[in-house]
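Here is the structure we will look at, set down as structure tokens.
2 protein chains.
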Amino acid sequence: MATDPTLPAAELARLRLAVSRLHRQMVQASSRLDLTFAQLSALARIEAHAPIRLVDLAARERVAAPSMIRTLAPLHADGLIAKEPDPQDRRSALISVTAHGRETIARIRLERSQLLAERAGQLTAEQRDALLAALPVLELLAEEPRGGGTAPTN
Amino acid sequence: MATDPTLPAAELARLRLAVSRLHRQMVQASSRLDLTFAQLSALARIEAHAPIRLVDLAARERVAAPSMIRTLAPLHADGLIAKEPDPQDRRSALISVTAHGRETIARIRLERSQLLAERAGQLTAEQRDALLAALPVLELLAEEPRGGGTAPTN
DNA sequence: GGAAGATAGTTAGCTTAGAACAACTAACGA
DNA sequence: TCGTTAGTTGTTCTAAGCTAACTATCTTCC
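Protein sequence lines correspond, in order, to chains G and F. Under the working numbering, the first residue of the first sequence is numbered 1, with each subsequent residue one higher. Under the working numbering, the first residue of the second sequence is numbered 1001, with each subsequent residue one higher.
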């Protein structure tokens, strides 16, 4: 039952609005005790691609290198990530998640999901299924259109 | 084919990550020429509930009154919203969207959807359907659990 | 082999978006 | 009258990003 071949602007607008509102509430719900969203995103990215160099990490997260350094500094100070010298290139450091970092990720996943979990708990089974089915699609949209394509205009 | 009665923390974590990354990219893609996300959200909310008082608007957007004033100030200055005195309460003003505001919303909807539209254009029909099906659920999640429930702890 | 340019990481300083609290005025209401 | 509420201003804070400029190392090329 494939509908329109393309998503109309109205639906995209609704999606953008929903995403930005959801994000705002997640920010509000997460007190300043823990990792920020940028840190969590970077941490997850490191976990997925370790060992990874800073430049590559910054590129994947679509930020400039200094921004990534600022993001990682507290993680490094708290021992959530480790840097090892790259044997191939003495300028580079290979970044990876420590055991402590992995524990923290797991713990935060539980804690942080509470706001969402409460609301998700009030969904019907059909709604939950719809959400689960759309999750990979959302992840796809959130990823970079790797390689090729038009150069980013900003 | 209802799966688990509850969404596991792992999926919620993925949802949070996807939402925050999507949001970041939408922010990056929208240059500072136009309305901010807070302004757009407020504008949409006004359009949906006009005429609405500032306090009520702030409550619905889950922000303090001064924050909403700051958000609305440029919209008011640019004539996107109008304030009329509340006949019942001379302290209050009833806020609504002007014709100019409505045009702006429509225009921005088109412009702003480009990033998302490009990526959505590469989805399969099944993926688009999944996204469309999940859209109302996302909007539900993004809304407040109106009335009752535990008081917000922050 | 060595100069010259490119690249990795870093620091310093700045900007923007978004929100908060405190404190005030004006109006309501009991 | 006196406490409460609506709107507002002043000030501050945090998260997240940026550019410019620097050092150290790598790479290329004459």
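We treat Cβ as the ideally placed atom computed from N, Cα and C, and that holds for glycine.
Alpha helix (DSSP H) segment containing residue i, residue limits
{"i": "Ser-1067 of chain F", "result": "1065–1077"}
{"i": "Arg-112 of chain G", "result": "99–112"}
{"i": "Glu-143 of chain G", "result": "Note, Glu-143 of chain G: premise wrong, no alpha helix (DSSP H); not H, not E."}
C-beta contact flag for residue i and residue j at 9 Å
{"i": "Ala-1093 of chain F", "j": "Arg-1045 of chain F", "result": "no"}
{"i": "Ala-1134 of chain F", "j": "Val-97 of chain G", "result": "no"}
{"i": "Ala-18 of chain G", "j": "Arg-1109 of chain F", "result": "no"}
{"i": "Leu-160 of chain G", "j": "Leu-123 of chain G", "result": "Any answer about residue 160 of chain G is impossible in this case: the structure gives chain G only from 1 up to 154."}
{"i": "Leu-40 of chain G", "j": "Ala-1120 of chain F", "result": "no"}
{"i": "Ala-38 of chain G", "j": "Thr-71 of chain G", "result": "yes"}
{"i": "Asp-1086 of chain F", "j": "His-1100 of chain F", "result": "no"}
C-alpha gap between residue i and residue j, whole angstroms
{"i": "Arg-1060 of chain F", "j": "Ser-1067 of chain F", "result": "13 Å"}
{"i": "Arg-102 of chain G", "j": "Leu-80 of chain G", "result": "8 Å"}
{"i": "Gln-88 of chain G", "j": "Glu-1126 of chain F", "result": "44 Å"}
{"i": "Ala-106 of chain G", "j": "Ile-1095 of chain F", "result": "45 Å"}
{"i": "Leu-43 of chain G", "j": "Thr-1036 of chain F", "result": "28 Å"}
{"i": "Lys-83 of chain G", "j": "His-76 of chain G", "result": "8 Å"}
{"i": "Arg-1024 of chain F", "j": "Glu-1143 of chain F", "result": "20 Å"}
{"i": "Pro-8 of chain G", "j": "Arg-91 of chain G", "result": "48 Å"}
{"i": "Leu-15 of chain G", "j": "Ile-1069 of chain F", "result": "25 Å"}
{"i": "Asp-34 of chain G", "j": "Val-27 of chain G", "result": "11 Å"}
{"i": "Leu-12 of chain G", "j": "Val-1063 of chain F", "result": "25 Å"}
{"i": "Arg-128 of chain G", "j": "Glu-139 of chain G", "result": "17 Å"}
Cβ-based neighbour list, residue i, same chain, cut-off 7 Å, excluding 5 preceding and 5 following
{"i": "Val-1055 of chain F", "result": "Ala-1065"}
{"i": "Ser-30 of chain G", "result": "Arg-112"}
{"i": "Gly-149 of chain G", "result": "Low per-residue confidence applies at Gly-149 of chain G: pLDDT is 34, beneath 50, and the placement is therefore not dependable enough to give any value."}
Cβ neighbours of residue i in the same chain (closer than 8 Å, five flanking residues each side left out)
{"i": "His-49 of chain G", "result": "Asp-56, Leu-57 and Arg-60"}
{"i": "Pro-1051 of chain F", "result": "Glu-1084, Leu-1094, Ile-1095 and Ser-1096"}
N-terminal and C-terminal residue of the beta strand (DSSP E) that residue i is part of
{"i": "Pro-1087 of chain F", "result": "It is not in any beta strand (DSSP E) - Pro-1087 of chain F carries neither H nor E in the DSSP assignment."}
Cutoff 6 Å; reference residue i; Cβ partners in own chain excluding five residues on either side
{"i": "Ser-1020 of chain F", "result": "none"}
{"i": "Glu-1047 of chain F", "result": "Val-1097"}
{"i": "Pro-74 of chain G", "result": "none"}
{"i": "Thr-104 of chain G", "result": "Leu-80"}
{"i": "Leu-22 of chain G", "result": "none"}
What runs of the alpha helix (DSSP H), each 4 residues or longer, lie entirely inside the segment 1005–1056 of chain F?
-> 1009–1029 and 1037–1049
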